[in-house]
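For the sequence shown, the UniProt record's numbering assigns the number 1 to the initial residue and increments by one for each residue that follows.
Comments concern the structure below.
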Amino acid sequence: ANSAAVSAPGVPSESGYREPPERKQSCGSHSSKPSVSSYSIDASADRFVLLCSDGVWEFISSEEAVQTVGKFKREDAMDAAEELASMAWTRWINELGGEVVDDITAMVIHLK
Numbered sequence: 001a002n003s004a005a006v007s008a009p010g011v012p013s014e015s016g017y018r019e020p021p022e023r024k025q026s027c028g029s030h031s032s033k034p035s036v037s038s039y040s041i042d043a044s045a046d047r048f049v050l051l052c053s054d055g056v057w058e059f060i061s062s063e064e065a066v067q068t069v070g071k072f073k074r075e076d077a078m079d080a081a082e083e084l085a086s087m088a089w090t091r092w093i094n095e096l097g098g099e100v101v102d103d104i105t106a107m108v109i110h111l112k
């Protein structure tokens, strides 16, 4: 498997180990207990897995993330991860006026 990860500095959060959260009104709800989910992967159909912190999922939908990463070649996994992180960073800054930016981590793991 080919993978790449990028992380952008922000407010440390232990809540980044969750499925994309519903949009929160406040950024102050953090938990030290991770929520763990498991999913079946169809290696014959699925091209990649995205493993991202809630700092990405707060402003980027799963569909948009898949479309964005799908535009990159397999060997450009780092560029794809950087694009997701950059998109999330920009949206945090624009939405909250630069006052708060959550942790932003994006991993692109190619399956084939």
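Every residue, glycine too, gets a C-beta built ideally from N, C-alpha and C.
Being a predicted model, the structure only gives us computed values, none of them experimental.
Segment contact: the region 86-98 against the region 57-75, three or more CB-CB distances shorter than 8 Å; contact assigned. If the five residues before and after F48 are omitted, its C-beta is found closer than 7 Å to the C-beta atoms of V69, V108, I109, H110 and L111, all from its own chain and listed in chain order.
Of the candidates K33, T90 and S53, S53 places its Cα closest to the Cα of T105.
For the set G55, Q67, D76 and V66, the Cα lying nearest the Cα of A85 is the one of G55.
Rounded to the nearest whole angstrom, the CA to CA distance from E75 to V100 is 33 Å. Around the CB of A43, fewer than 16 other CB atoms lie within 10 Å, so the residue is classed as exposed. In the three-state reduction of the DSSP assignment, A45 falls in the coil class. The shortest CA-to-CA distance from L50 to any of K33, D102, M78 and P34 is the one to M78.
The three-state secondary structure of V100, taken from DSSP, is coil. Apart from sequence neighbours up to five positions away, the residues of its chain that approach E83 with a beta-carbon distance below 7 Å are T68, ordered along the chain.
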